[in-house]
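**Student:**
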Amino acid sequence: MSRPSTVLLTGGAGYIGSHTAVVLLEAGHRVVVVDDLSNSSEESLRRVRRLADGDLSFHRVDLRDVEALDAVVTGAGIDSVIHFAGLKAVGESVDQPVRYWDVNVGGTIALLEVLERHGIRKLVFSSSATVYGEPERVPIDESAAVGATNPYGRTKQAIEMLLGDVAGSSPEWHVVLLRYFNPVGAHPSGDIGEDPNGIPNNLMPFVMQVAVGRRDELTIFGDDYPTPDGTCIRDYIHVMDLAAGHLAAIERIDSLPGCRAVNLGTGSGSSVLQVVAAASEAVGRPLPHRIGPRRAGDVPASFADPALAAELLGWRAERTLPEMCADAWRWQSQNPEGYPAG
Ligand code: NAD
Ligand code: UDP
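Residues 21 to 362 in our numbering are what the sequence shown lists, from first letter to last.
(1) For A346, count the other beta carbons within 10 Å of its own beta carbon; 16 or more makes it buried, fewer makes it exposed. Which is it?
(2) If you check the beta carbons only, do G210 and Q354 fall under 7 Å apart?
(3) Buried or exposed, going by whether 16 or more other CB atoms sit within 10 Å of the CB of G173?
(4) When the distance is taken between beta carbons, is F226 closer than 7 Å to R314?
(5) By how many angstroms is the C-alpha of S147 removed from the C-alpha of C279?
(6) On a Cα-Cα basis, can you pick out the residue from P248, E162, M260, P342 that is closest to V282?
(7) Given this structure, state the Cα-to-Cα distance separating G152 from M181, to the nearest angstrom.
(8) Is the beta carbon of A47 closer than 7 Å to that of L284?
(9) Taking 6 Å as the line, does the beta carbon of D19 fall inside it for any heavy atom of the ligand UDP?
(10) Hey, could you find the ends of the alpha helix (DSSP H) L332 is sitting in?
(11) Among residues of its own chain, excluding the 5 on either side of P159, which ones have a beta-carbon nearer than 7 Å to its beta-carbon?
(12) Within the structure, which residues are defined as neighbours of the ligand UDP by a Cβ-heavy atom distance below 6 Å, reported in chain order?
(13) Using only alpha-carbon positions, find the residue among I311, G304, R305 that is nearest to A293.
(14) For Y20 and A164, I'd like the C-alpha separation in whole angstroms.
(15) Does the Cβ-Cβ distance between L143 and P203 come in under 7 Å?
(16) Have a look at the DSSP bridge pairing and note the partners of Y245.
(17) R84 and G111: beta carbons closer than 7 Å?
(18) Would you say the beta carbon of A105 is closer than 6 Å to some non-hydrogen atom of the ligand NAD?
(19) Indicate, with yes or no, if the ligand NAD has a heavy atom lying under 6 Å from the CB of L57.
(20) Could you please give me the residues that DSSP links to D55 through a beta bridge?
(21) Thinking C-alpha only, which one of A41, T94, S60, V259 is nearest L71?
(22) Which two residues bound the contiguous beta strand (DSSP E) that contains A281?
(23) Taking only the alpha-carbon atoms, compute the straight-line gap between R234 and H39 and give it to the nearest angstrom.
(24) DSSP three-state call for S275: helix, strand or coil?
(25) According to DSSP, simplified to helix, strand and coil, what is H194?
(26) Given the structure, does L83 come close to the ligand NAD, in the sense that its CB is under 6 Å from one of the ligand's heavy atoms?
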């Protein structure tokens, strides 16, 4: 393993951040989490501490509060940063664009201000395949045109541009933009997982809430797409594989100067009906679903060309769709209402 380091995780109490914290701690790194808990619970970090030994500290801070963030970073010996914090609901971003630009872009600017003050110049950013908008072809590689089709995606695109400019300002910067495809699943213990507020927008948490009886049935958004079974195809990636991708990026970042975008996906797609079938298999009974109209903005097929991640990070996704469903179900069945409040 590489030299143990101290990694600042913004948004580290959230879904992807908490799983990444486990993997970093297991690899011997120290973890400093800042999160305002606006979309998460401190319980996730208590459970992270139970799953992995090591040094994890938590600071409840809004990223946009430059002085509070500065106080956390001062003397903490931070070597690198993984920047997860942000708002991520596409529909909400259409209704609240100013809030999305403020938290996502404003939060990143505040973070960069503090990092500049402290001479910290290694950053991994949570970007998204949503920056590709309507892809011209699949699989999608990193040279594909970007052109997000909603405010959330445009904040990701803007942050990518900002980080490109920042990396261009000094050869000391090392920035990796990780473009995630569709993260799903949970830690195999079932102790941490995805805990969305309100009605889930995403397929897997919705399916799991149907399985656990919180929702009556899944509506499949369209079965008349130009795909083999008519439902949309996505590249679902196990959150533990995603977490391993972050570890790889942190451990390779010294050899990655400048700013590069790297896809994190499996390279193969599954249709909505295939996900429902795999989830039913994991749960052990059929899951009620019906076909509804298409959802505005959905593209028929999106999956990654993950070759660059293999080349630059030495990383490949390993876990299968049945494992993603089994682990998501373990989390959901052990925690039907998600994390307890408080
Ligand atoms: P999440 O909401 O579970 O985690 C984000 C965390 O950021 C939350 O804990 C939230 O409380 C925190 N946060 C929000 N605003 C903050 C602020 N102003 N200051 C401090 N903390 C703040 O989401 P996630 O699924 O873990 O996603 C993490 C990142 O990955 C996000 O940037 C998201 O846009 C990106 N991403 C997620 C997906 C996905 O499907 N989950 C896909 C692509 C990209
Ligand atoms: N989907 C669906 N019903 C739902 C939620 C999602 O049929 O309740 C479909 C959606 O149309 C898309 C796929 O599942 O084809 C994945 O959707 P998700 O929102 O999880 O990811 P994204 O569209 O952002 O890739």
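Think of the CB as a built atom: it goes at the ideal place given N, C-alpha and C, for glycine as much as any other residue.
Please read all numbers here as calculations on a predicted model, not as lab measurements.
**Tutor:** On the basis of the data shown:
(1) buried
(2) yes
(3) buried
(4) no
(5) When rounded, the separation of the alpha-carbon atoms in C279 and S147 is 13 Å.
(6) E162
(7) Correcting the residue type first, residue 152 is Tyr in the shown sequence and not Gly. Whole-angstrom Cα-Cα distance: 14 Å.
(8) no
(9) Residue 19 lies beyond the range of the chain shown here (21 to 362); nothing can be said about it.
(10) 327 to 333
(11) G287, F323, A324, D325
(12) N202, N221, N222, L223, F226, L238, T239, I240, F241, C252, R254, V292, R315, D318
(13) Before going on, a small fix: residue 293 reads as Leu here, not Ala. Put simply, of I311, G304, R305 the residue whose alpha carbon is nearest the alpha carbon of L293 is I311.
(14) Past the boundaries of the shown model lies residue 20; the chain is included only from 21 to 362, so the question cannot be answered.
(15) no
(16) Its beta-bridge partners do not exist; DSSP assigns none.
(17) no
(18) yes
(19) yes
(20) R80
(21) A41
(22) 278 to 284
(23) 24 Å
(24) helix
(25) Look at H194 here: in three-state DSSP terms it is strand.
(26) yes
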